[in-house]
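Step one of this worksheet: look at the structure below.
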Amino acid sequence: MKLSNKMTFRFILYFLTFYGMLFIGTALMFGFFIFEMMKGFYYHDIRVLEQSEVEWAVLQDEGGISLSDALLDIAERSGGIVQILDKDGSVLTSSKEGILPTSYGMKELKNLAEQKGIRTWTLEDGHYLLFQEYTETDVLLAELQKNSSFPDLDDQDLHLLEKEGAVFELFSDTGELLFSTSPANSKSLLATDLLESNSAVNERKELLSATTVQGGSIAVVWMENPYYQALASLDKQLFSTFSKWFVLYHLLLLFVTLGFSLWIGRRFGKPVFYFLRWMERLSKKEYRRPEDRKIRRRKDDRLKRKYRIYEDVDFSLTRLAQNLQENERMINQTEKLREDWITGLSHDLKTPLSSIYGYAVMLESNHQWSSDEVRGFAKTMMEKAGYMDALINDLTYTYQLKNDGVQLDKKNIELYEYIRSYVERRDWRNPIFIEGEKRGHVLIDPSRFERVLDNLIGNASKHNPPETVIHLQLASRSEWIELVIRDEGAGIPPEVMDHLFNRYYRGTNTTTDESGTGLGLTIAKQLIEAHGGEVQVGTSSKGTEIAIRLPRQEEG
Numbered sequence: 113m114k115l116s117n118k119m120t121f122r123f124i125l126y127f128l129t130f131y132g133m134l135f136i137g138t139a140l141m142f143g144f145f146i147f148e149m150m151k152g153f154y155y156h157d158i159r160v161l162e163q164s165e166v167e168w169a170v171l172q173d174e175g176g177i178s179l180s181d182a183l184l185d186i187a188e189r190s191g192g193i194v195q196i197l198d199k200d201g202s203v204l205t206s207s208k209e210g211i212l213p214t215s216y217g218m219k220e221l222k223n224l225a226e227q228k229g230i231r232t233w234t235l236e237d238g239h240y241l242l243f244q245e246y247t248e249t250d251v252l253l254a255e256l257q258k259n260s261s262f263p264d265l266d267d268q269d270l271h272l273l274e275k276e277g278a279v280f281e282l283f284s285d286t287g288e289l290l291f292s293t294s295p296a297n298s299k300s301l302l303a304t305d306l307l308e309s310n311s312a313v314n315e316r317k318e319l320l321s322a323t324t325v326q327g328g329s330i331a332v333v334w335m336e337n338p339y340y341q342a343l344a345s346l347d348k349q350l351f352s353t354f355s356k357w358f359v360l361y362h363l364l365l366l367f368v369t370l371g372f373s374l375w376i377g378r379r380f381g382k383p384v385f386y387f388l389r390w391m392e393r394l395s396k397k398e399y400r401r402p403e404d405r406k407i408r409r410r411k412d413d414r415l416k417r418k419y420r421i422y423e424d425v426d427f428s429l430t431r432l433a434q435n436l437q438e439n440e441r442m443i444n445q446t447e448k449l450r451e452d453w454i455t456g457l458s459h460d461l462k463t464p465l466s467s468i469y470g471y472a473v474m475l476e477s478n479h480q481w482s483s484d485e486v487r488g489f490a491k492t493m494m495e496k497a498g499y500m501d502a503l504i505n506d507l508t509y510t511y512q513l514k515n516d517g518v519q520l521d522k523k524n525i526e527l528y529e530y531i532r533s534y535v536e537r538r539d540w541r542n543p544i545f546i547e548g549e550k551r552g553h554v555l556i557d558p559s560r561f562e563r564v565l566d567n568l569i570g571n572a573s574k575h576n577p578p579e580t581v582i583h584l585q586l587a588s589r590s591e592w593i594e595l596v597i598r599d600e601g602a603g604i605p606p607e608v609m610d611h612l613f614n615r616y617y618r619g620t621n622t623t624t625d626e627s628g629t630g631l632g633l634t635i636a637k638q639l640i641e642a643h644g645g646e647v648q649v650g651t652s653s654k655g656t657e658i659a660i661r662l663p664r665q666e667e668g
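Residue numbers for the sequence shown, in my numbering: 113 to 668.
Here it is as C-alpha cells:
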C-alpha cells in the first residue's frame, strides 16, 4: 500500500475513533441529563407522569413502602396529595398524613372516580398510587367547616386564617360580597373564578376553595399561590444543571481533543523528526542511521508497529544513505584513479618525449654520427611518436564512444564463421581453440568488432605465457549469442579486476615490451555496449573468463 493511502486510512481510523468517542460522550451526557430531569420530575403537573416514571419513585424496603422526595415535591407543586392503596382500599402511605382518609370503601372510590383532578397509577406489585388535588385552601376550608357556627367565624378561626395568610369570604348566590376577613382586597365573585380553580395549580395566581352553605351562600377561602409559576424556579434549576453539565462536558471534550491531538501529533511527528534528523545527517555526509530505541525495535531494528506506516520512508532513506555512501566512495575512487591516470599518462607521454627530445639533442650536436646510428635514432623516435599517436587516438576514441560519436556499419553475420576467419588471419603466439555452436547470427560492424577481439584476445595472450591455451566458446540462447574468451592462465589479481574496464586505470608504460595505451579493454567494453551487448568477467587461479553477449538475429 502506498504511503499516501496508508496515511489516509490511518487518519480516517483516528477521526472515526474520535467521532465515536465524541458520539458516546454526547449520548452519555444527554442520557444522564434526561435521567436527572426525569428523576427530579421537572413537569408542570404530576398527572402527566407515566406509570414507568412513578414506578421507581415508590420505594420498598424491609420497613415497608415509602415515597421518594422527588415524588413528594411534584405532588406538592401540583397542589395535591399522593397515597398508595392496596387492593382493599387501605392507605399504606400518604404524602400528608391526617388530612385524607386512611381507607376507602366502594362508595368513596366511586365518588373519587367522578371527581376531576384525580389520577391513579397501577403499580407492578398490584398496589395503586392515587393523587387527589387538595390545596392549602382546601385544608383550611375543611378546618373551618368543623366549627358548628360556620360560616360564622370565631377568634380561633380568624387566628388560623391570619397564620396561613389566607382570606375568608362569604358571597351571596349572585356573587355579591357579604363578608370578608380582608375587605380592602375583596371583590365580587365571578363564575370564572370558580372555573379557574380547575386549572393547573402552578398556573393560578391564587389558590381558591369554595363550598355552598345553607341558604345558597358561597363560602370561599383563598390565598396567594406559593406555586404560581413554580416551574420558573425549576426551569432555572434545570437550566443551571444543564449549563453545568454542558460546561463540564465541553471542558472534558476540550481536554480530550487536546490530548488526542497531542497523541496523534507525537505518533506522527516523532518519526518525522527522526527522519528529518536522519536527512540532516545525510546532508553532512554522515551516512550512519541515527539510533532511537523509541522508534525502532531492539531485536530486529525495524520500526515499531505504531510507526510501521513510515516503513517505505525508512526503506527509501536507508537505500538513499547506502547509495550516497557508495557514490561518495566511487567519486573518491574515481578521483584517485583520475589522478593516477593523469600521473601515468604524464609519465607515458613524458617517457617517449624524453627519448625523442634526447635523440633530437644528440642529432643537433656537432658530433658526427654514423648512418647506422642516425637510422637507429630515427627508428626509436618513430616508435615513440607512434605510441604517443596511438595513445591520443585511443583516448579520443573512448570519448567518441561515450558520447555516441562513432557510427557503426552493422551487418547480419554468422558469428562462428566470423570468429574462425578472424583467428585464421591473425598470427597469435598462443594456441587458440574455437568451440561450441556453429550456427547463430548477430548484427555487428565487422571492422570495429575486430578491435574488440584484438583487445580481449590480445590481452589474454599478452599477460600469459606463450603456451597458455585460449578457448573461444560459442553458445546460442533464445535471445542472445554468447562468446566466451577463456584462458588457462594464472588469473587476474583482485585489485586489477575492480578497475579492468576503467579508462582511468593505467596499465603499462612505454618502457616495457608489453607497452600499450591502457585503454584497450575500456574501448572493447564500449564497443560491445554500442552493439547492444554486455560483457562480464570472471577469474580464478585456473584462468580468466570474459563472456560477451550479443542480441541474436534471424538468419538473413
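Don't be surprised by glycine CBs; every beta carbon is placed ideally from N, CA and C.
As the structure is a computational prediction, the values presented were derived from the model and not from experiment.
Take the alpha-carbon of M609 and the one of R431: they are about 26 Å apart. Per DSSP, N505 is one residue of the alpha helix (DSSP H) stretching across S483 to K514. Q638 sits buried, since 16 or more C-beta atoms from the chains shown fall within 10 Å of its C-beta. R316 and Q163 have their alpha carbons spaced roughly 27 Å apart. Nearest C-alpha to G229 among G175, L204, Y240 and Y246: Y246. Burial is judged here by how many other beta carbons sit within 10 angstroms of a residue's own beta carbon; P213 has fewer than 16 and is exposed.
Residue range W592 to D599 is occupied by the beta strand (DSSP E) that includes D599. Taking 8 Å as the cut-off, the Cβ atoms of A187 and S180 do not count as close. By the CB criterion at 8 Å, L197 and L235 fall outside the cutoff. F280 is the residue among L184, E276, F280 and F142 whose C-alpha sits nearest the C-alpha of D264.
Per the Cβ contact rule, the stretch 524-539 is not in contact with the stretch 499-512 (fewer than 3 Cβ pairs under 8 Å). For R560, the enclosing alpha helix (DSSP H) has its first and last residue at P558 to K574. Secondary structure at V160: helix, using DSSP grouped into helix, strand and coil. Comparing alpha carbon positions, the residue from P338, G327 and I330 closest to L319 is P338. Taking 8 Å as the cut-off, the beta carbon of T249 is found closer than this to the beta carbon of V333. Under the three-state reduction of DSSP output, A278 falls in the strand class. Around the CB of Y216, 16 or more other CB atoms lie within 10 Å, so the residue is classed as buried.
By the Cβ rule, the stretch 120-138 does not count as touching the stretch 202-209, because fewer than three pairs are nearer than 8 Å.
When secondary structure is reduced to three states using DSSP, A169 falls in the coil class, being assigned neither helix nor strand. Here S652 has G603 as same chain residues with Cβ atoms under 6 Å from its own Cβ, once five neighbours each way along the sequence are excluded.
In summary, E594 is buried, with 16 or more beta-carbon neighbours lying within 10 Å of its beta-carbon over all protein chains present. Taking the Cα of G238 as reference, the smallest distance to any Cα among T120, D200, V473 and G210 is reached at D200. W453 counts as buried, since at least 16 other C-beta atoms from the protein chains shown sit within 10 angstroms of its C-beta. Burial check for R598: the Cβ neighbour count within 10 Å reaches 16 or more, so the residue is buried.
A Cβ-Cβ separation of about 5 Å places I556 in contact with H643 under the 8 Å criterion. Nearest to P558 by alpha-carbon distance, out of L527, R541 and Q585, is L527.
In this structure, the CA atom of K118 is about 6 Å from the CA atom of I421. Y240 sits in a strand when the DSSP states are folded into three classes. V325 carries a coil assignment under DSSP once its states are collapsed to helix, strand and coil. Annotated three-state conformation of T232 is strand, per DSSP.
In the three-state reduction of the DSSP assignment, E529 falls in the helix class, which pools H, G and I. The Cβ atoms of D285 and S329 sit closer than 8 Å to each other. When rounded, the separation of the alpha-carbon atoms in T323 and S261 is 15 Å.
Pairing G632 with N542 gives a Cβ-Cβ distance that is not under 8 Å.
When only Cα atoms are considered, F130 and F144 end up about 21 Å apart. Using a 10 angstroms sphere on the CB of D516, the tally of other CB atoms stays under 16, which defines it as exposed.
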